[in-house]
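First the structure, in the form of structure tokens, and then the observations on it.
Chains as they are written, first to last, in the numbering used here: chain A, 7 to 159; chain B, 2 to 208.
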């Protein structure tokens, strides 16, 4: 329902802040760029404002989101995708949800059907950053993947 | 916030065509009645003196006037009247309107069903689109004024959950979710108009 003047962000809506310290990057911008590469469905991106993180952290999280969106293309039969990027001061969370078919998250079963690869590689990325991945899915409701990382001090 | 058989609505909007569109959208629902229309704050206040009104739908731009003035006035003088902003505004402006005392926001691009739903929902608790809830997560980042539960509710809203899904997620009643949202809204606090306008600009500039 939102249609504020700021575009519902399909793309790099925000220029890099002039005062961005070198070596850091806006996480929201990095993820918006990735989302912009997917034209299959409208991606609705909401954020809690600029979140400055080390550039390599932004790159790793954006790559994880890229993998998740790629997986939605392959498996989900989704019509909409939602991404939220939030920093509540303690934890940064990136949630990727779609309205596709959903599945019962069961690692052995997924491994057998060859779909576990994604979870493993996204998890590996987050573990490199000291974060974690929470995957939730229920049949009849699209899956949700949450990437969690401690906020920078 | 008591339950009523018909939600009585006052529409405050300076464009006659938009006003007529809102009225015809809302009047289609048996649980909603538009009891008055006003194109400025003074007329709105005169109507409020004579009509029982549950929800005031107000545009932030009323010709030369600011809807924000009316919102502040209503928050002070009629705290039981629910104020729903119906506008085409930036996240910063809407957040400032919430701080001035509004109970929710619905975009002018909303469908008839979304508008009606927002009018009914604002009777039960604040109506915040995910983009705005996400901004509030940022807003409250450096303040410890929210309880853990309130933070969870705000986080769910920012992730696009509706109130029923939040209630399910947290294992509480929808009524409880609304109570948390009301507390969050109250903690936004009321500030002076000049400060609110400055704040809206800052929030928009921060992207």
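Just so you know, even glycine gets a beta-carbon here, dropped at the ideal spot from N, CA and C.
Open item on the list: Just to confirm the assignment, what range does the beta strand (DSSP E) spanning residue 85(B) have?
Closed with: Residue 85(B) -> beta strand (DSSP E) spans 83–88.
Open item on the list: Counting C-beta neighbours from all protein chains within 10 Å, is the total for residue 38(B) 16 or more, i.e. buried, or is it exposed?
Closed with: By the C-beta density criterion, residue 38(B) is buried, having at least 16 other C-beta atoms within 10 angstroms.
TODO: Counting only the same chain and skipping the five closest in sequence on each side, list residues whose C-beta sits under 6 Å from that of residue 152(A).
DONE: Around residue 152(A): 99, 101 and 140.
Open item on the list: By the 7 Å beta-carbon criterion, what residues does the stretch 35–67 of chain A contribute toward chain B?
Closed with: So the list reads 52, 53, 54, 55 and 56, given in the order they occur along the chain.
Task: Extent of the continuous alpha helix (DSSP H) run through residue 23(B) - done: Boundaries of the alpha helix (DSSP H) around residue 23(B): 17–28.
Task: Minimum C-alpha distance to residue 152(B) - residue among 206(B), 181(B), 15(B) and 115(B) - done: Nearest option by C-alpha distance: 181(B).
Task: Between the CA atoms of residue 91(A) and residue 54(A) - distance to the nearest angstrom - done: In this structure, the straight-line span from the alpha carbon of residue 54(A) to that of residue 91(A) is close to 7 Å.
TODO: Note down, in chain order, every chain B residue with its Cβ under 8 Å from the Cβ of residue 103(A).
DONE: Within 8 Å Cβ-Cβ: 160 and 161.
Task: residue 137(A) at chain B interface by Cβ criterion, 7 Å - done: No, its Cβ sits nowhere closer than 7 Å to a Cβ of chain B.
Task: Three-state secondary structure (DSSP) of residue 125(B) - done: Looking at residue 125(B) - three-state DSSP - the assignment turns out to be coil, as it is neither helix nor strand.
Task: Best match in 31(B), 110(B) and 173(B) for proximity to residue 60(B) [C-alpha to C-alpha] - done: Residue 110(B) is the option with its Cα nearest to residue 60(B).
Open item on the list: Could you compute how far the alpha carbon of residue 77(A) sits from the alpha carbon of residue 174(B)?
Closed with: Using only the alpha carbons, I get a separation of about 35 Å.
- [ ] Compute the beta-carbon to beta-carbon distance between residue 47(A) and residue 85(A), rounded to the nearest angstrom, for a pair I have assumed lies under 8 Å.
- [x] The distance from the Cβ of residue 47(A) to that of residue 85(A) is about 6 Å, consistent with a contact at the 8 Å cut-off.
- [ ] Assign residue 72(A) to one of three DSSP states: helix, strand, or coil.
- [x] Looking at residue 72(A) - three-state DSSP - the assignment turns out to be helix.
- [ ] Taking residue 104(B) and residue 84(B) to be in contact with their CB atoms under 8 Å, please state how far apart those CB atoms are, rounded to whole angstroms.
- [x] Correct: roughly 5 Å between the Cβ atoms.
Open item on the list: Just to make sure I have the definition right: I need the residues of chain B whose C-beta is within less than 7 Å of the C-beta of residue 4(A). Which are they?
Closed with: The first residue shown for chain A is 7 and the last is 159, placing residue 4(A) beyond what the model contains.
Task: Residue-level contact to chain E via CB, residue 67(B), 7 Å cutoff - done: Absent from the structure: chain E. Protein chains present are A and B.
Open item on the list: So with CB distances below 7 Å, who are the chain A contacts of residue 143(B)?
Closed with: Simply 95.
Task: Runs of alpha helix (DSSP H) wholly within the stretch 106–190 of chain B (minimum 4 residues, chain order) - done: Here the runs fully enclosed are 113–123, 131–140, 149–159, 164–171 and 175–189.
Open item on the list: Run through chain A and tell me which residues come within less than 7 Å of residue 81(B), C-beta to C-beta.
Closed with: Those within 7 Å of residue 81(B) in chain A number zero; the least Cβ separation is about 25 Å.
Open item on the list: I want to verify the contact list: residues of chain A whose CB lies under 8 Å from the CB of residue 152(B), in sequence order.
Closed with: Near residue 152(B) (Cβ distances below 8 Å), the residues of chain A are 94.
Open item on the list: Judging by CA-CA distance, which residue of 32(A), 67(A) and 68(A) is the nearest neighbour of residue 2(A)?
Closed with: The first residue shown for chain A is 7 and the last is 159, placing residue 2(A) beyond what the model contains.
- [ ] Assign residue 130(A) to buried or exposed, taking buried as 16 or more other Cβ atoms, counted over all protein chains shown, within 10 Å of its Cβ.
- [x] Residue environment: residue 130(A) is assigned as exposed (fewer than 16 neighbouring CB atoms within 10 Å of its CB, all protein chains considered).
Task: Rounded straight-line distance, which links the Cα of residue 36(B) to that of residue 150(A) - done: The alpha-carbon of residue 150(A) is positioned some 43 Å away from that of residue 36(B).
Open item on the list: Tell me the DSSP secondary structure of residue 90(A) in three-state form.
Closed with: Three-state result, residue 90(A): strand.
Open item on the list: Strictly by DSSP, which residues pair up with residue 98(A)?
Closed with: Beta-bridge pairing links residue 98(A) to 93(A) and 155(A).
Open item on the list: Taking only three categories from DSSP, how would you classify residue 42(A)?
Closed with: Three-state result, residue 42(A): helix.
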